[in-house]
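In this note's numbering, the protein residues as written are 6 to 691.
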């Protein structure tokens, strides 16, 4: 993703505000607003008061100025509520625009019948085979079937460092619009025009396919139910007032405009206006972390996750094992072992091999030597022999797996030292990998290769534990090694020697016990588990099968990103809960403002409920309506940014939110309505 897209935009960017205002006006269409029952009721009330106002103006009825002010603020309430959702959507559309600019119709070199034909990339279809050479744009999403090349994916990820793409393995997927920098690859196209990964990103970012989540649907039903209850209650007030006036012999029936104002103040307009914005903003925050969420449901599910499955290599550990010590057998000095280990690793270009050379240099100042003049023959590593090394000056130096080196020594008539198995087991029990070293028929000792746990990982696991999330490490290592790494990283459980079937079965067991599971993956063998998990975060560098199976794609291909995604999901749920609590609680002050104003003439005793000392019945009603509209505007930044989240268990979070947003919702409206009332009186508007 381009960096300008990944970076968080200002909440009130001028371009975004302009687009949001236009969209908010479009959303006044009743057919569009019908999806939000609370604000739809407010709009119906605004239309009704507009008609009544027109009638009053036509007959010069008294009180038209008061009715006009009520009517204007009802329309402002609808507009402010629409603006919250439109502002959230406009941020997504601005991101989509920056993506759309990266899409080009390049010329593709399609391979057909043994020849190369140049065609526009828009004419390619799934199954076509194309040749992409240095300097060419990759014309569509596909899988590398032949060749190897470095690819610039900054158009998608925002990262300038090129990546390697090659056939086979988990790094064969390529994305249309990225550029080959060196060498060449043959790519099999896997998507038709309009169905590419970039097209899906644009559609998802724009929110075109955003569906309401189950919790959001349930909350919509709740606030719609509350709206219906208050609608019925307010509808009975007019006949009740007539009866009361007849019995008391004094008072007046509240006007329809005042009844509409009461209804709008009592129904949960605050959360009704902000609910959609909260969900859209949650997806936007995920996108700011360079993660593409396929739906709002995926983000919300991340907030409800109970179990988190993390790959050991590359997620919990650095990914490349490092040599940390030399352990010689009896009768061999550590320096001699280091010397032999370094010689056998000079041609080993793997990170492990290079770390052996570096360790020998650091501990014994043994530097790489020129071995060409010694007629050295380097033995590359093979899966069959499970060894590598060098033959020079009559020596046959080898390093490799313990059993492979043992067999090598015995074949040459050598003896296996008594402590050989004990050292190997000790290294494995400590979470390392034993790499035996031999010189012909003589065992020299072991190189201790260790997976380095990423800095801060135990603390991050601890934060997840505070959230009530159980962490499970997935690894192909043997149980002894896996247990040691699990203890060092602080995870709650581990799955050793894990196969794709093991991962899938583990997720199903967790789900059968009522837990929600999240996991990361990048390979085709991860696809079944990613599809089964409630939150499946696929790596952008992974295979197309993995990306299709997951419901999120990390464009940075950082497996630890799942931890941030879980935090964002929890923040979304907390924000929705906090603002719902505030919305319902802040209605209490409006009871004390409007109900005394409506019935005080018939029941003077209700004047005691005017605890805010509001000036007149008209100012009380108008103050409550104005506050009801302005509080939506005040809470829009909080809905878009989200309530601040700190890792914690559910109970403390609930207590904190009830205290801050429940008590705050009760208290804040009293001084707010009082201040508006005083301002209206000072301005002579009532």
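Quick reminder that beta carbons are idealized off the backbone N, C-alpha and C, glycines included.
| Check | Outcome |
| --- | --- |
| Buried or exposed (CB count within 10 angstroms, at least 16 for buried), residue 602 | buried |
| Host beta strand (DSSP E) of residue 187 (start-end) | 184-194 |
| Residue from 429, 154, 232 whose Cα sits closest to the Cα of residue 47 | 232 |
| Backbone secondary structure at residue 331 - three-state DSSP | strand |
| In DSSP terms, what residue 439 is bridged to | 453 |
| Endpoints, the beta strand (DSSP E) within which residue 114 is located | 112-117 |
| Status (buried if at least 16 other CB within 10 Å, exposed otherwise) for residue 148 | buried |
| Three-way DSSP call (helix, strand, coil) for residue 716 in this model | Outside the shown range of the chain (6 to 691) lies residue 716, about which nothing can therefore be said. |
| beta-carbon residue 334 near the ligand PLP non-hydrogen atom, thresh 7 Å | For the ligand PLP, the structure offers nothing, since it holds no ligand at all. |
| Short Cβ contact (8 Å threshold) for residue 594 with residue 675 | yes |
| Unbroken beta strand (DSSP E) run spanning residue 48, endpoints | Premise fails: residue 48 lies in the alpha helix (DSSP H), 42-63, not in any beta strand (DSSP E). |
| Below-8 Å beta-carbon distance, residue 243 vs any chain D residue | Chain labels in this structure do not include chain D; a single protein chain is all it has. |
| N- and C-terminal bounds of the beta strand (DSSP E) containing residue 122 | 120-125 |
| Whole-Å CB distance - residue 667 paired with residue 590, under 8 Å assumed | 5 Å |
| According to DSSP, residues forming a beta bridge with residue 405 | 392, 441 |
| Segment contact flag, the segment 575-585 with the segment 549-564, C-beta cutoff 8 Å, min 3 pairs | no |
| Buried versus exposed call for residue 389 [16 or more other C-beta atoms within 10 Å across all chains shown] | exposed |
| Alpha helix (DSSP H) runs contained entirely in the segment 242-316, provided each spans 4 or more residues | 242-253, 261-271, 274-293, 301-308 |
| Cβ pair residue 458, residue 321 closer than 8 Å | yes |
| Residue closest to residue 406, alpha-carbon to alpha-carbon, out of 438, 419, 384 | 438 |
| Where residue 152 sits in the DSSP three-state scheme | strand |
| Beta-carbon gap between residue 178 and residue 525 smaller than 8 Å | no |
| Alpha carbon of residue 645 to alpha carbon of residue 283, nearest angstrom | 6 Å |
| Secondary structure of residue 478, DSSP reduced to three states | strand |
| Identity of the residue in 497, 360, 33 nearest residue 343 by Cα | 360 |
| For residue 498: DSSP bridge partner residues | 477 |
| Among 114, 242, 463, nearest to residue 192 - alpha-carbon criterion | 114 |
| Residue 36 burial status per 10 Å Cβ neighbour count (16 or more: buried) | exposed |
| Beta-carbon gap between residue 142 and residue 116 smaller than 8 Å | no |
| Exposure of residue 39, with buried meaning 16 or more beta-carbon neighbours within 10 Å | exposed |
| 3-residue-minimum beta strand (DSSP E) runs that sit fully inside the segment 549-636, ordered along the chain | 557-559 |
| Buried or exposed by the 16-neighbour rule on C-beta atoms within 10 Å, applied to residue 688 | exposed |
| Close beta carbons around residue 511, own chain, < 7 Å, minus the five adjacent residues each side | 500 |
| Contacts around residue 532, its chain only, beta-carbon distance under 7 Å, and the 5 residues preceding and following it disregarded | 550, 551, 554 |
| contact_flag[the segment 489-498, the segment 328-339] where n(CB pairs < 8 Å) is 3 or more | no |
| Assigned secondary structure, residue 546 (DSSP; H/G/I helix, E/B strand, else coil) | coil |
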